[in-house]
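The structure under discussion appears below in the form of structure tokens.
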């Protein structure tokens, strides 16, 4: 069986408002270099790019960064009410890009082993001792059979005889 592999590279998304090269430059740009790249993009195209990136889950924060370089009117013209929402989120302080993801090395033996201090040698307490003991006793306690539980329930609802 013969497998075919694409040799032409990545295919551009028809919904993307910029070329694949420009998209790659925006994606790879350092935060301090991004405003220079975005300044070269026309305002309406920049707004379209912001909304496009915002709609991609893995590029959501980058979309907000691009939206910070856009005017609210441009975002509304391009995406309507969604453009207004994107602009509002981009202006919020919490919309700042998250810290870069730290990737672990491929081989764990390359890392130095973690040394534990004296307080970390002790096991952590998840529950208090009293709660733990109640849990243990509840598990160890024999459970009444179904018949005895039914008899107890029936006795609780039996009408009592009138007092003499």
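In UniProt numbering, the protein residues as written are 1 to 164. Glycine is no exception: its CB is placed at the ideal position from the N, C-alpha and C atoms. Remember, predicted model here, so these are calculated numbers, not experimental data.
Which class does residue i belong to by DSSP, given the choice of helix, strand or coil?
| i | result |
| --- | --- |
| residue 99 | Because the pLDDT at residue 99 is just 49, under 50, the model does not fix this residue reliably, and the point stays unresolved. |
| residue 74 | helix |
Quick check on the DSSP output: the alpha helix (DSSP H) that includes residue i runs from which residue to which?
| i | result |
| --- | --- |
| residue 24 | 20 to 28 |
| residue 88 | 81 to 91 |
| residue 65 | 60 to 68 |
| residue 44 | 43 to 54 |
| residue 36 | 34 to 39 |
| field | Cβ contact (3+ pairs, closer than 8 Å) linking the region 24 to 34 and the region 85 to 93 | value | Between the region 24 to 34 and the region 85 to 93 there are fewer than three inter-stretch CB-CB distances shorter than 8 Å, so the stretches are not counted as touching.
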